[in-house]
Amino acid sequence: MAKVLLVVGVLVGLTALAGEVELLFFWSATCPDCMEMKEFLAQLSQEVPELRVVPYEVTFEPDNWRLMVTLARVYGLTKETTPTVFVGELGVTGVGRAVELQIRQEVLRCREQGCASPLERLPEELAGVLSPLELGLLVLGVVAVVYLVYLWSAGP
706 MAKVLLVVGV LVGLTALAGE VELLFFWSAT CPDCMEMKEF LAQLSQEVPE
756 LRVVPYEVTF EPDNWRLMVT LARVYGLTKE TTPTVFVGEL GVTGVGRAVE
806 LQIRQEVLRC REQGCASPLE RLPEELAGVL SPLELGLLVL GVVAVVYLVY
856 LWSAGP
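So, in C-alpha cells, the structure goes:
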C-alpha cells in the first residue's frame, strides 16, 4: 500500500511540474511593441492559468540586458531586441500574429509535456556586453572628457 501511495504521489508531483509553464518576457520601457506583447501575454495568462510570466525590464537594468543577450545566444537568436520571449524550446523576438501563435503553441506544449525554465539553459557567466544604457553613458562620458580637454587646451 505504501508503494502505491508513493507511486501516486510521484505521478501527481510530475503532473504538477508538467503543468506549470515559465515564460521569460524581456521588455523595454521605451518600446511600443513591448506593450503590445505585454497585453498578449496578460490575455494568454488568463487563458492558461498554469502560465507564469516573468518580466525583465532591460532599459534601466543592465543585468537584465545581459541575461537577455545570453539567453538569445543560447537559443540561437540573431537579433538582440525587445520584446523577446523565452519559453520551453522557443526563443522569439518581435510582435505579430505569427509570433503570438508560436508562443501560444509552445506554452500549450509545455503545459502538456512539461518544460524546464529557460534559466536552466544559462551558462556559468552572462554575456560580457554593455547594455544600451551603459553604452550611452560611456559615450556621454567620453564626449564630456573630450570637451573638457578642449576647453582646458584652449585656455583663457
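Quick note: the sequence shown uses the numbering used here, first residue 706, plus one each step. Beta carbons: idealized from backbone N, C-alpha and C, even for Gly.
Exercise for the section: Mind the definition here: the stretch 794 to 808 touches the stretch 758 to 771 only if three or more C-beta pairs lie below 8 Å; say whether that holds. Expected result: no
Problem - Start and end residues, beta strand (DSSP E) containing T789 - result: As a position in the sequence shown, residue 789 is number 84, starting the count at 1. That run of the beta strand (DSSP E) goes 789 to 792.
Problem - Other residues of its chain near P760: CB distance less than 7 Å, five sequence neighbours each side excluded - result: Residue mapping note: residue 760 aligns to position 55 of the sequence shown, counting from 1. These residues qualify, in order along the chain: F730, W732.
Problem - Cβ neighbour criterion (16 or more within 10 Å) applied to P823 - result: Counting from 1 along the sequence shown, the entry for residue 823 is found at position 118. So P823 ends up on the buried side.
Handout entry: Selection from E830, A821, A777, A803 that minimises the alpha carbon distance to F704
Key = In the structure as shown, the chain begins at 706 and stops at 861. Residue 704 is therefore absent and cannot be evaluated.
Practice task
Within its chain, find whatever has a CB closer than 7 Å to the CB of S750; leave out the 5 residues flanking it on each side and keep chain order.
Solution key: Translated into the one-based positions of the sequence shown, residue 750 becomes position 45. Once the five neighbours on either side are set aside, the close Cβ partners of S750 are L756, V758.
Practice task
For the alpha helix (DSSP H) containing L827, list its first residue and its last residue.
Solution key: Taking the first residue of the sequence shown as position 1, residue 827 is located at position 122. Where L827 is concerned, there is no enclosing alpha helix (DSSP H), given that its DSSP letter is neither H nor E.
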